[in-house]
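Protein chains in written order, with the working numbering: chain A, 5 to 306; chain D, 42 to 258.
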């Protein structure tokens, strides 16, 4: 007995069933495709938001303001200390005088308002750029705290609120994606299992005869499980195709200046690894949906 | 080969079999006869493991079939060929595919299936109709396909429930001849029928049932 025969037979029977129940299968495959496309749109948005965050994050700088009492020598020693931080990509020192002259340049024709000042009110500071991997709220907080503890540092600013808000947004987005994904998954399981049930009911006579001639439940289930997996596979393929079309249309319509605002040079498509994940998820949904629906139906004795 | 001891089967309040005891030797040909509702089909179904007896013991080939697990039943059924009055053929499969079906289910290779199906088609005289769908065949031809399917796995037991029920005399005789041949090759054959012509033309041991009880042996 060749072990491949039952598999080949199951595959042929699944294809026959799909051909025989074209309408029903088309609806199921279509529903899987639309649901997975919806999920894919969420995924695309998430991927690009994350990309925008990385882009905007590049502009986030940390500023450590020094106390007025810090001498030139102390400032030199502080430079060495900051340079020893692993998390810091690069930094520059802005002396009090430099800060004032920069400020005056920014004020341009209104710089006369500073004329009345007896002394320079601006502090010396370090403009610090943190390495990409440390641009998270917790890492930035940690670096700022350590810098503030250094003798001579008055205050550290790093756009805490902005990072906090963005991270919260991403957490909510992730939660939303999980919720939408979960609901879609349950819905798809329900649809697939019902299609398979209808397919089983339309072939109950055949199943009865299979049992009469000694077919095992595994042999009977095989074609239906493969049918479910094919539905999942085709549904996910179509969804990837739809997502590609949506992405291309969006790319051709979007205003490039809008992308620049978000710090994006272009929008990313779903990475191949995630595409493979979508296909595997589609096949798995088909498999689980069929197994769930067959469990009870085939428990009948004859 | 088949032994039933004090078998009872009820469907709700209806007593389908009452204290039935029976012994069928290996290679024996046995008729189960009696009026409609006598319990003939239930008896065959119990031997086939289609329904479970409420009480009693049933030994088939030395095995107590009441103790079979659900997962063992398909393998047990491969030892039995069944033929029904309504043929139970797959209407969307050709004659060839209907017969081959019994072999595919047990995982026989396509080459072996081809050889065996041809032999079976030849045996029932339907080689020339192998590509037709069952609805295109006459009742007698459909029953011959059904018998070919039942015999292709060379079962040691053949159970036939009113196999000539809707067929005319000549065709009924042809069908019975096929069971006779199978019996001559060593199969144990049990035919449930109330056709007296058959009992006269092909005389064998008869067990008569009435209201679920064995009334004559």
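Think of the CB as a built atom: it goes at the ideal place given N, C-alpha and C, for glycine as much as any other residue. Keep in mind it's a predicted model, so treat the numbers as computed, not measured.
Chain-ordered listing is empty here: chain A has no CB closer than 9 Å to the CB of residue 181 of chain D, the nearest sitting near 20 Å.
The C-beta separation of residue 53 of chain A from residue 174 of chain A comes to about 7 Å, placing the pair in contact by the 8 Å criterion.
Within the segment 186-218 of chain A, those residues whose Cβ lies closer than 9 Å to any Cβ of chain D are, in chain order, 209, 210, 212, 213, 214, 215, 216, 217, 218. Taking residue 119 of chain D as reference, the option from D:137, D:89, D:105 with the minimal CA-CA separation is D:89. In the three-state scheme derived from DSSP, where H, G and I count as helix and E and B as strand, residue 172 of chain D is classed as coil. Annotation: the segment 44-112 of chain D contains the following complete segments of the alpha helix (DSSP H) (minimum length 4 residues), in chain order: 81-89. The three-state secondary structure of residue 119 of chain D, taken from DSSP, is coil. Going by DSSP, residue 243 of chain D is part of no alpha helix (DSSP H) at all; its letter is neither H nor E. The C-beta distance from residue 204 of chain D to residue 232 of chain D rounds to 6 Å, short enough to meet the 8 Å contact threshold. The CB of residue 256 of chain D never comes closer than 9 Å to any CB in chain A; the least such distance is about 28 Å.
The beta carbon of residue 71 of chain D sits closer than 6 Å to the beta carbons of 65, 231, 246 from its chain, once the five residues preceding and following it are set aside; these are given in chain order.
Contact between the segment 184-191 of chain D and the segment 153-172 of chain D is present: three or more C-beta pairs spanning the two stretches fall below 8 Å. Under the 9 Å criterion on CB atoms, residue 162 of chain D is classed as non-interfacial with respect to chain A. For residue 149 of chain D, the closest of A:113, A:12, A:18 by C-alpha to C-alpha distance is A:12. Sequence-distant partners of residue 158 of chain A (beyond 5 residues in either direction) whose C-beta falls short of 7 Å from its own C-beta, in its chain, are 69, 70, 71, 127.
Taking C-beta atoms as the reference points, residue 299 of chain A and residue 234 of chain A fail to come closer than 9 Å. Beta-bridge pairing by DSSP links residue 205 of chain A to no other residue. Of the candidates D:45, D:218, D:138, the residue whose Cα lies closest to the Cα of residue 239 of chain D is D:218.
Distance from the CA atom of residue 252 of chain A to the CA atom of residue 40 of chain A, rounded to whole angstroms, is 18 Å. Taking a C-beta cut-off of 9 Å against chain D, none of the residues of the segment 28-44 of chain A qualify. At a cut-off of 3 residues, the continuous stretches assigned as beta strand (DSSP E) that sit fully inside the segment 58-142 of chain A are 66-70, 92-98, 129-134. Membership of residue 160 of chain D in the alpha helix (DSSP H) is indicated by the continuous run 151-165. Considering only D:254, D:128, D:133, the residue with the shortest C-alpha distance to residue 172 of chain D is D:133.
Counting only residues of its own chain and dropping the five nearest sequence neighbours on each side, residue 195 of chain A has a CB closer than 7 Å to the CB of 32, 35.
Inclusion of residue 183 of chain D and residue 131 of chain D in the CB contact set at 9 Å is not warranted, their separation being larger than that value. For residue 84 of chain D, no CB of chain A lies under 9 Å from its own CB, so it is not counted at the interface with that chain. Counting only residues of its own chain and dropping the five nearest sequence neighbours on each side, residue 161 of chain D has a CB closer than 6 Å to the CB of 140, 189, 193. Taking 4 residues as the shortest admissible run, the segment 215-262 of chain A contains the following complete alpha helix (DSSP H) segments, listed from N- to C-terminal end: 221-257. Assignment of beta-bridge partners to residue 231 of chain D by DSSP yields D:71, D:200. Look at residue 24 of chain A: its C-beta is under 9 Å from a C-beta on chain D. By the C-beta density criterion, residue 145 of chain D is buried, having at least 16 other C-beta atoms within 10 angstroms. Contact with chain A is absent for residue 175 of chain D, since none of that chain's Cβ atoms lies less than 9 Å from the residue's Cβ. Taking the CA atoms as reference points, residue 207 of chain D sits about 53 Å from residue 283 of chain A. Residue range 254-257 is occupied by the beta strand (DSSP E) that includes residue 257 of chain D.
In the three-state reduction of the DSSP assignment, residue 139 of chain D falls in the helix class. Residue 215 of chain D sits in a helix when the DSSP states are folded into three classes.
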